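Worksheet for the structure shown next.
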Amino acid sequence: MHKFESERKSYTYSSTFKVNMPIPVQGRHPEEIIAELKTLKKDDIQWRNGRLFSYIYHPGDEGEALLKASYSEFLTENGIDPTSFPSLVTMENDVIGFMTRWLHGDSETVGHLTTGGTESLLLALKTARDRARVLYPHITKPEVILPFTVHSSFFKACSYFDLKPVVTPVTANYKADVNAIREAITENTIMLAASAPSYAFGVVDPIREIGEIALEHNLLFHVDSCIGGFIVGGMPRAGMASTDFDFSVPGVTSISVDIHKYGYAAKGCSALLYKNDEIRKYQYFICADWTGYSIVNPTMLSSKTGGPLAGAWAMMNYFGEAGYIKLAAQTVETTRKLAEGINAIPGLRVLGGVPEASMFTFICEDNLNIFELNDEMNHRGWKLQLQLGTHVAPANIHLTVNRSHIGIEEAFLADLKLAVETVRNVEPSQVQRIMGEELSGEVDEQSLFRLLSRLGIDPSNLPKRMAVINEVMDLLPAPVVKELLGRFMQGVYRPV
Ligand SMILES: Cc1ncc(COP(=O)(O)O)c(C=O)c1O
Numbered sequence: 026m027h028k029f030e031s032e033r034k035s036y037t038y039s040s041t042f043k044v045n046m047p048i049p050v051q052g053r054h055p056e057e058i059i060a061e062l063k064t065l066k067k068d069d070i071q072w073r074n075g076r077l078f079s080y081i082y083h084p085g086d087e088g089e090a091l092l093k094a095s096y097s098e099f100l101t102e103n104g105i106d107p108t109s110f111p112s113l114v115t116m117e118n119d120v121i122g123f124m125t126r127w128l129h130g131d132s133e134t135v136g137h138l139t140t141g142g143t144e145s146l147l148l149a150l151k152t153a154r155d156r157a158r159v160l161y162p163h164i165t166k167p168e169v170i171l172p173f174t175v176h177s178s179f180f181k182a183c184s185y186f187d188l189k190p191v192v193t194p195v196t197a198n199y200k201a202d203v204n205a206i207r208e209a210i211t212e213n214t215i216m217l218a219a220s221a222p223s224y225a226f227g228v229v230d231p232i233r234e235i236g237e238i239a240l241e242h243n244l245l246f247h248v249d250s251c252i253g254g255f256i257v258g259g260m261p262r263a264g265m266a267s268t269d270f271d272f273s274v275p276g277v278t279s280i281s282v283d284i285h286k287y288g289y290a291a292k293g294c295s296a297l298l299y300k301n302d303e304i305r306k307y308q309y310f311i312c313a314d315w316t317g318y319s320i321v322n323p324t325m326l327s328s329k330t331g332g333p334l335a336g337a338w339a340m341m342n343y344f345g346e347a348g349y350i351k352l353a354a355q356t357v358e359t360t361r362k363l364a365e366g367i368n369a370i371p372g373l374r375v376l377g378g379v380p381e382a383s384m385f386t387f388i389c390e391d392n393l394n395i396f397e398l399n400d401e402m403n404h405r406g407w408k409l410q411l412q413l414g415t416h417v418a419p420a421n422i423h424l425t426v427n428r429s430h431i432g433i434e435e436a437f438l439a440d441l442k443l444a445v446e447t448v449r450n451v452e453p454s455q456v457q458r459i460m461g462e463e464l465s466g467e468v469d470e471q472s473l474f475r476l477l478s479r480l481g482i483d484p485s486n487l488p489k490r491m492a493v494i495n496e497v498m499d500l501l502p503a504p505v506v507k508e509l510l511g512r513f514m515q516g517v518y519r520p521v
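Numbering (our numbering) for the sequence shown: 26 to 521.
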């Protein structure tokens with residue numbers, strides 16, 4: 026037994042996440058290392074079979090081979106210094122050029138590639154803050170107006186950059202409430218934001234109306250099209266109706282689109298575009314007054330691999346504009362077939378009407394237990410995404426549909442029907458009753474542990490079926506859930 030074996034066993038989540046590779050003193054043979062890396066993957070989620078509805082956007086086997094080859098080709102090149110690697114500048118300008126045309130920008134439009142949607146949103150808000158510091162120095166507590174359905178990264182940006190998030194309600198169809206945005210504007214507002222579409226409900230906010238408000242009040246307006254830019258941009262080009270969302274809408278000053286999602290590039294690639302250089306310049310970090318080399322960082326990282334950029338460039342050349350348009354149309358058709366089929370199953374209801382893009386969410390009605398349904402589908406090999414309830418919707422199941430799902434509609438719906446039948450026969454959940462008994466007063470550590478043990482949950486050893494845990498999370502107050510998730514993550518990441 027390796028000398029670390031006993032310590033590995035005591036690792037908090039060792040039975041859930043099989044961590045087993047302490048780094049040796051002596052180096053090992055490359056073949057052995059690669060073999061070990063491949064075995065490490067064996068407990069990972071399966072994604073090649075079109076049964077996973079999140080995380081992975083697979084360009085197909087041929088596309089994947091091209092993506093890996095192009096990524097590897099530029100793995101070592103360093104984006105820190107454009108003068109040393111003009112190849113990277115050329116590719117970035119090509120990619121941003123394509124995105125400019127895709128988003129109906131003009132000769133003034135500029136942008137950069139970032140490592141993902143989160144970095145794009147962080148930078149869009151940092152840019153707004155730094156711009157306001159220069160142009161409106163009297164604003165000491167800058168505010169950003171965020172419809173309730175925006176992605177969590179906006180809140181991350183507010184927390185990182187000390188901005189005040191002013192959250193506005195959404196209407197009955199889960200879209201930003203335009204009047205509420207208008208009313209929320211104060212003398213401290215520096216930016217409006219909206220989604221095209223929002224992740225959770227897959228609907229596009231009324232970008233045109235919000236753009237009008239931005240113009241009236243001379244405010245920046247960021248459209249988060251991270252997940253849907255390739256879809257809602259492709260739909261009208263394919264002759265399908267969709268909501269205007271891009272630079273063709275007056276008032277829009279920046280847009281983010283993730284190429285590592287529906288652009289089918291490798292992870293680590295999002296495009297952030299600005300209306301002009303007058304806004305983009307506030308994104309840059311420039312340092313010429315330290316002891317080392319002069320630094321100009323357009324984005325957050327300094328040293329960065331050229332891999333994701335080369336991968337994006339290769340994927341754009343591989344699919345071409347026509348390929349993305351076709352994929353958008355096919356993906357939306359599949360999404361609508363799935364949503365229609367789900368609506369036809371008694372006890373299930375899709376929220377927000379006919380999907381406007383390539384994702385949607387559905388809820389259970391008639392006392393059908395959504396947490397059990399999620400587990401049952403998981404058991405049948407389908408990995409869906411459970412979203413906890415909020416004041417706008419009860420707990421729901423989310424599907425992000427992409428090219429891997431084209432053609433699986435019937436198999437999915439057949440299994441979902443069977444899963445619903447199975448769940449109808451499950452004993453009614455006791456979670457709510459037991460929680461009422463154990464957490465009647467203040468929720469503290471002791472009462473939580475008592476509750477978990479009564480429900481048969483061992484937090485150090487998560488079960489395959491998560492229904493009870495998910496139901497507890499859904500019912501607990503958000504601050505308690507946050508605390509639990511934080512502790513869980515700290516338990517997961519332990520040095521070996
Ligand atoms: C609308 C939206 N914005 C931003 C993001 C964040 O993207 P990333 O996970 O690449 O950081 C996502 C991710 O799903 C998203 O759906």
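Backbone N, C-alpha and C define an ideal beta-carbon position, used for all residues, glycine too.
As the structure is a prediction and not an experimental result, all values here were calculated from the model.
Whose C-beta lies closer than 7 Å to the C-beta of residue i among residues of the same chain, with five residues either side of it excluded?
| i | result |
| --- | --- |
| E98 | A335 |
| C389 | G372, L373, I395, L398 |
| E196 | The amino acid occupying residue 196 in the given sequence is Thr; Glu does not appear at that position. Cβ within range, chain order: D202. |
Over what stretch of residues does the alpha helix (DSSP H) that includes residue i continue unbroken?
| i | result |
| --- | --- |
| H404 | 395-404 |
| Q412 | That residue, Q412, is in no alpha helix (DSSP H); its beta strand (DSSP E) goes 410-412. |
Alpha carbon to alpha carbon, how far is residue j from residue i? Give it in angstroms, no decimals.
| i | j | result |
| --- | --- | --- |
| N301 | D187 | 25 Å |
| N392 | H83 | 36 Å |
| A219 | R233 | 11 Å |
| P49 | R519 | 17 Å |
| N74 | F123 | 31 Å |
| N368 | V493 | 25 Å |
| G142 | Y224 | 12 Å |
| M402 | K200 | 29 Å |
| G511 | A420 | 21 Å |
| Q355 | K408 | 21 Å |
| G348 | A157 | 40 Å |
| L326 | L138 | 11 Å |
| G259 | N427 | 13 Å |
| E32 | A266 | Confidence is the limiting factor: at E32 the pLDDT is only 44, short of 50, which leaves the residue's position unreliable and the question unanswerable from this model. |
| G377 | S465 | 35 Å |
| T214 | G253 | 26 Å |
| L146 | F180 | 10 Å |
| F513 | L160 | 43 Å |
| S429 | G264 | 23 Å |
| L128 | D249 | 12 Å |
| Y185 | V191 | 15 Å |
Just to confirm my understanding: we take residue i, look at its own chain, exclude 5 residues before and 5 after, and list those with CB closer than 6 Å. What are they?
| i | result |
| --- | --- |
| V505 | V468 |
| K507 | none |
| H423 | T386, Q410, Q412 |
Hey, could you find the ends of the beta strand (DSSP E) residue i is sitting in?
| i | result |
| --- | --- |
| G52 | Per DSSP, G52 belongs to no beta strand (DSSP E) and is neither H nor E. |
| M491 | Counting along the chain, M491 falls outside any beta strand (DSSP E), and DSSP gives it neither H nor E. |
| I459 | Careful: I459 lies outside any beta strand (DSSP E), inside the alpha helix (DSSP H) at 456-463. |
| L424 | 421-425 |
| T386 | 384-389 |
| L373 | 373-375 |
Short of 8 Å in beta carbon distance, which residues of its chain neighbour residue i, apart from the five on each side in sequence? Order them along the chain.
| i | result |
| --- | --- |
| Y80 | I70, W72 |
| P55 | none |
| Y299 | T134, V135, G136, T152, T278, S279, R305, Q308 |
| T37 | In this predicted model, T37 has a pLDDT of only 45, less than 50, meaning its place in the structure is not dependable; the value taken from the coordinates is given anyway. Cβ neighbours of T37 beyond the five flanking positions: S485, G516, V517, R519. |
| V456 | L480, V493, E496, V497, L500 |
| L413 | A420, N495, M498, D499, V506 |
| K362 | E434 |
| I235 | A201, V203, I206, L217, A219, F246, G276 |
Any chance the CB of residue i is under 8 Å from a heavy atom of ligand 3?
| i | result |
| --- | --- |
| L138 | Looking for ligand 3 in the displayed structure turns up nothing; the ligands present are ligand 1. |
Run the CB neighbour count on residue i, radius 10 Å, all protein chains shown included, and call it buried at 16 or more, exposed below.
| i | result |
| --- | --- |
| L471 | First, the amino acid is wrong: residue 471 is Gln here, not Leu. The residue in question, Q471, is exposed, as its Cβ has fewer than 16 Cβ neighbours within 10 Å. |
| R154 | buried |
| Y287 | buried |
| I311 | exposed |
| E463 | buried |
| H27 | Any reading at H27 must be qualified, since the residue scores a pLDDT of 40, below 50, and its modelled position is unreliable; the value itself is stated next. Burial call: exposed. |
| G227 | buried |
| P231 | buried |
| W315 | exposed |
| T425 | buried |
| V521 | exposed |
| L65 | exposed |
| K329 | buried |
| F474 | exposed |
Nearest chain D C-beta to residue i closer than 9 Å, yes or no?
| i | result |
| --- | --- |
| R405 | In the structure shown, chain D does not exist; there is a single protein chain. |
ask   = Counting only runs that start and end within the region 248-336, where is the alpha helix (DSSP H) found for 4 or more residues in a row?
value = 254-262, 302-305
- Task: Could you tell me which uninterrupted beta strand (DSSP E) segments, each at least 3 residues in length, are contained entirely in the region 206-256, listed from first to last along the chain?
- Result: 214-220, 245-249
key: Length-filtered (3 minimum) beta strand (DSSP E) runs lying within the region 120-190   = 135-139, 168-172
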